[in-house]
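Undergrad: One structure, as structure tokens, below. Some questions next.
Chains as they are written, first to last, in the numbering used here: chain A, 3 to 113; chain B, 96 to 210.
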């Protein structure tokens, strides 16, 4: 079945450093969504990418969808302690009518 | 985005019992899903809740263990039957609409501990 992997599994950074998580799907996706889950919380929607090669920015966060629509990345510039949490990608394949979540990347930011 | 309410938010359950989780949305939605998140893990799709018909279960999940109802476009229930400690997880309802570009949003989850 479809698998969505994320690397790294964990990342510790000093506050102010950059952070990137990568998402790779075993199948071509129709779209991909990114979520952030704070410790003790539920996943909160960040963004959806639909087009091949699409790049979207939200303040310090930059999201990219690969040309082949099988991979994606989330880059955070100058991390802050508020960025702490686990970041998940979720891939949607047309016709399946469901989202498969990536394995997640847990980010810790050291002040 | 839709407002999603889940009940209960937390519960401690005895082994062998069953618990029903409710998911109420403040507007009609096309898609409703139930996910499980075991401690420290990612989200695993249990099933798609289909309005007026049987849910579509993912591999490894069966109706006898996780019966699901969806009587209308705003409400669904998930029952966790004959619970064991391995069922201790967060259970999350998520919803989406085609109008929102199939974006799915999550309720706050139901944190179940089985003792």
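Note that the Cβ used here is the ideal one computed from N, Cα and C, for glycine as well.
Between the beta-carbon of residue 110/B and the beta-carbon of residue 209/B, is there less than 9 Å?
TA: yes
Undergrad: Going by C-alpha to C-alpha distance, which of 3/A, 81/A, 36/A sits closest to residue 25/A?
TA: 36/A
Undergrad: Just the Cα atoms here: how many angstroms apart are residue 12/A and residue 195/B?
TA: 31 Å
Undergrad: Tell me, please, which residues DSSP counts as bridged to residue 72/A.
TA: DSSP, once it has assigned bridges, lists no residue as partnering residue 72/A.
Undergrad: Does residue 116/B come within less than 9 Å of chain A when only Cβ atoms are used?
TA: no
Undergrad: Spatial neighbours of residue 31/A within its chain, please: CB distance less than 7 Å, with the 5 preceding and 5 following residues excluded, ordered by chain position.
TA: 71, 72, 93, 94, 95
Undergrad: Taking DSSP's pairing of strands, which residues face residue 138/B in a bridge?
TA: 132/B
Undergrad: So, for residue 96/B: in the same chain, excluding its five sequence neighbours on each side, which residues have a beta-carbon less than 8 Å away from its beta-carbon?
TA: 195, 198, 200
Undergrad: My parser needs the beta strand (DSSP E) runs of 3 or more residues fully inside the segment 18 to 63 of chain A; what are they?
TA: 21 to 27, 33 to 39, 46 to 51, 57 to 60
Undergrad: Examine chain A for any beta-carbon lying closer than 9 Å to the beta-carbon of residue 202/B, and answer yes or no.
TA: yes
Undergrad: Which chain A residues are close to residue 198/B, counting only those with a beta carbon under 7 Å from its beta carbon?
TA: 35, 47, 50
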